[in-house]
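Asker: Please read through the structure below; I'll follow up with questions.
2 protein chains.
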Amino acid sequence: MAQSKKKAEKKEPKDEILKAALKLFTQKGYFNTSVADIRREADVSTGTIYHYFKNKEAIADALYQDIIASLNDSLKEIKNRTKNSFERLRAIVELFFALTEDASEVMGFIVLAHHQEFLPSEKPLSMSPPFLLLTEIMQEGIRSGELRRMDPVVANACFYGTLSRMIQLRLEDALEKPLDWYLLDTWTAIWKALSP
Amino acid sequence: MAQSKKKAEKKEPKDEILKAALKLFTQKGYFNTSVADIRREADVSTGTIYHYFKNKEAIADALYQDIIASLNDSLKEIKNRTKNSFERLRAIVELFFALTEDASEVMGFIVLAHHQEFLPSEKPLSMSPPFLLLTEIMQEGIRSGELRRMDPVVANACFYGTLSRMIQLRLEDALEKPLDWYLLDTWTAIWKALSP
DNA sequence: GTCTATACGCCGATAGAC
DNA sequence: GTCTATCGGCGTATAGAC
Chain A
247 MAQSKKKAEK
257 KEPKDEILKA
267 ALKLFTQKGY
277 FNTSVADIRR
287 EADVSTGTIY
297 HYFKNKEAIA
307 DALYQDIIAS
317 LNDSLKEIKN
327 RTKNSFERLR
337 AIVELFFALT
347 EDASEVMGFI
357 VLAHHQEFLP
367 SEKPLSMSPP
377 FLLLTEIMQE
387 GIRSGELRRM
397 DPVVANACFY
407 GTLSRMIQLR
417 LEDALEKPLD
427 WYLLDTWTAI
437 WKALSP
Chain B
247 MAQSKKKAEK
257 KEPKDEILKA
267 ALKLFTQKGY
277 FNTSVADIRR
287 EADVSTGTIY
297 HYFKNKEAIA
307 DALYQDIIAS
317 LNDSLKEIKN
327 RTKNSFERLR
337 AIVELFFALT
347 EDASEVMGFI
357 VLAHHQEFLP
367 SEKPLSMSPP
377 FLLLTEIMQE
387 GIRSGELRRM
397 DPVVANACFY
407 GTLSRMIQLR
417 LEDALEKPLD
427 WYLLDTWTAI
437 WKALSP
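These protein sequences, in sequence, are chains A and B.
Using the numbering used here, read the first sequence as starting at 247 and increasing by one per residue.
Using the numbering used here, read the second sequence as starting at 247 and increasing by one per residue.
Below, the structure written as structure tokens:
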């Protein structure tokens, strides 16, 4: 969409690098991945990597910002599309489960990685825009009475904790079935915890 | 208890090393901690470290095994002391919250770290004895009808996901109050999700 | 058992040709 | 913009005296 140029046929090295890095960071972790690994996986040279990125950390940072921004867009879209907490939270569970199946590397990078260990200047994930938006959604639900009166932090932990734990188990290959097989049970548990 | 010897006055270097490593691993992460850092924090020499441990990974492994074993003992004690799922699960929440406040480094190492990244031969945490015991406790509860009929994996994710998320927020210093301030709300949410 | 000194490989990053 | 060649440094681990 944004690479336009003329014929938009050529693979952008920058994207190849990001794709390779995401795959390796999620599979082996940031510190177990060398720049040489990325170089090999992306099929570019060391020089090309350092032409597009200042250093290894900058690659991880670009990935992180991209994913956070895209997640934020999706949550905003959900918020506009739906009209109450039940629909919103349910749609978020569905989104996260679908992303885990269809873009497991993206979810692994967001849900499993400890960004603060390799992006020291980054705020915790719980302070990022999409997670603040989630908090906002839940607070609205509590105010309107659609959700139980409870501490918003606990509501958040209950929702995102359950959700991310299921995702983690799936990514660790500890589930017998794909995630959508557990969707109903997961949603029921979350909703019983949060509804009045 | 176990160092006896004669007067049990001397600090064991091995314990000092483990203590220092635990602190640093939790604070900065395994990969951001060098053996020189551990050496400095424990106030011993490089030679002493390699006298007691084969390599850096072995230090992390010793910590992991110790903590897993101790956690397993605590869960077994809880299982013996209590007589139903309500009491058991509630006691586990209290245990984890108390440990987070009183031994934050231990909990940080268990809840936050990705052991598979630096202990490649280790099974996932969800396959370790204490977590299998937790699964067993929940399955018993489901069989006896004390917990809702639901997929045990989801029950587990709901319980441990919520719990560990609260702990994570506390360790990230994202909570305004200590954990026991949230105990009632947390437990209520978990129990509503799991009870019939 | 504990220490100091040091070997050495790996990896992030740069230089500079094309 | 992309490449190859290479450097400097850090960090793990060892050697060997005491």
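Even glycine gets a Cβ: it sits at the ideal position worked out from N, Cα and C.
Compare the C-beta of B/Tyr428 against all C-beta atoms of chain A and say whether one is closer than 7 Å.
Answerer: Position 182 of the second sequence, counted from the start, is the residue given in the question as residue 428 of chain B. Cβ-Cβ to chain A under 7 Å: yes for B/Tyr428.
Asker: Can you name the residues of chain B whose CB is closer than 9 Å to the CB of A/Gly407?
Answerer: Start at 1 with the first residue of the first sequence, and residue 407 of chain A comes out as number 161. What A/Gly407 touches in chain B: Ala403, Cys404, Tyr406, Gly407, Thr408, Leu409, Ser410, Arg411, Met412 and Gln414.
Asker: Does the beta-carbon distance from A/Arg334 to A/Ile383 come in below 7 Å?
Answerer: Taking the first sequence and counting its residues from 1, one reaches residue 334 of chain A at position 88. Taking the first sequence and counting its residues from 1, one reaches residue 383 of chain A at position 137. Going by C-beta atoms, A/Arg334 is nearer than 7 Å to A/Ile383.
Asker: Please state the DSSP three-state secondary structure of A/Phe405.
Answerer: Within the first sequence, residue 405 of chain A is the residue found at index 159, counting from 1. Correct three-state label for A/Phe405: helix.
Asker: Using only the alpha-carbon positions, how far apart do B/Lys257 and B/Ile314 sit?
Answerer: Residue 257 of chain B sits at position 11 when you count from the first residue of the second sequence. Residue 314 of chain B sits at position 68 when you count from the first residue of the second sequence. Cα to Cα, the separation comes out at about 23 Å.
Asker: Counting Cβ pairs, one atom from each stretch, are 3 or more of them under 8 Å apart for the stretch 389 to 398 of chain B and the stretch 422 to 436 of chain A?
Answerer: Cβ pair count under 8 Å is three or more, so yes.
Asker: In three-state DSSP terms, what is B/Glu262?
Answerer: In the second sequence, residue 262 of chain B corresponds to position 16, counting from 1. B/Glu262: helix per DSSP, three-state reduction.
Asker: Assuming contact is defined by CB atoms lying nearer than 7 Å, are B/Asn402 and B/Thr434 in contact in what I supplied?
Answerer: One-based indexing of the second sequence puts residue 402 of chain B at position 156. One-based indexing of the second sequence puts residue 434 of chain B at position 188. No, Cβ-Cβ distance for B/Asn402 and B/Thr434 is not below 7 Å.
Asker: Tell me whether the stretch 407 to 425 of chain B and the stretch 403 to 413 of chain A touch, counting them as touching only if at least three CB pairs, one residue from each stretch, are closer than 8 Å.
Answerer: Output reads yes: the stretch 403 to 413 of chain A touches the stretch 407 to 425 of chain B.
Asker: Just to confirm the assignment, what range does the alpha helix (DSSP H) spanning B/Ile338 have?
Answerer: By 1-based counting over the second sequence, the position of residue 338 of chain B is 92. Counting along the chain, the alpha helix (DSSP H) containing B/Ile338 begins and ends at Ser331 to Asp348.
Asker: What's the C-alpha gap between B/Thr292 and B/Glu368?
Answerer: On the second sequence, residue 292 of chain B is found 46 positions in, with the first residue counted as 1. On the second sequence, residue 368 of chain B is found 122 positions in, with the first residue counted as 1. Roughly 26 Å separates the two Cα atoms.
Asker: Using a Cβ-Cβ cut-off of 8 Å (strictly less than) and excluding sequence neighbours within five positions of A/Gln362, which residues of its own chain qualify?
Answerer: Here the question's residue 362 of chain A lines up with position 116 in the first sequence. Closer than 8 Å at Cβ, skipping near neighbours: Glu368 and Pro370.
Asker: With H, G and I counted as helix, E and B as strand and the rest as coil, what does DSSP make of A/Arg286?
Answerer: Here residue 286 of chain A refers to the residue found at position 40 when the first sequence is read from its first residue. Looking at A/Arg286 - three-state DSSP - the assignment turns out to be helix.
Asker: Enumerate in chain order the residues of its own chain whose CB-to-CB distance from B/Leu264 is below 8 Å, with the five nearest sequence positions on each side excluded.
Answerer: Start at 1 with the first residue of the second sequence, and residue 264 of chain B comes out as number 18. Taken in chain order, the residues that qualify are Ile305, Ala308, Leu309 and Asp312.
Asker: Could you list which residues in chain A have their beta carbon closer than 7 Å to that of B/Asn278, in chain order?
Answerer: By 1-based counting over the second sequence, the position of residue 278 of chain B is 32. Under the 7 Å cutoff, chain A gives Glu363.
Asker: Which residues of chain A have a Cβ atom closer than 8 Å to the Cβ of B/Leu358, listed in chain order?
Answerer: Here residue 358 of chain B refers to the residue found at position 112 when the second sequence is read from its first residue. Residues of chain A passing the Cβ test: His360.
Asker: If you follow the alpha helix (DSSP H) that A/Glu386 is part of, which residue opens it and which one closes it?
Answerer: For this step, residue 386 of chain A is matched to residue 140 along the first sequence. From DSSP, the alpha helix (DSSP H) with A/Glu386 extends over Pro375 to Ser390.
Asker: Going by the CB atoms, is the gap between A/Leu268 and A/Glu351 shorter than 7 Å?
Answerer: Residue 351 of chain A sits at position 105 when you count from the first residue of the first sequence. Residue 268 of chain A sits at position 22 when you count from the first residue of the first sequence. Yes, Cβ-Cβ distance for A/Glu351 and A/Leu268 is below 7 Å.
Asker: Among the residues of its own chain, which have a CB less than 6 Å from the CB of B/Phe299, if the five just before and after it don't count?
Answerer: Residue mapping note: residue 299 of chain B aligns to position 53 of the second sequence, counting from 1. Within the same chain, B/Phe299 has close Cβ partners Ile305.
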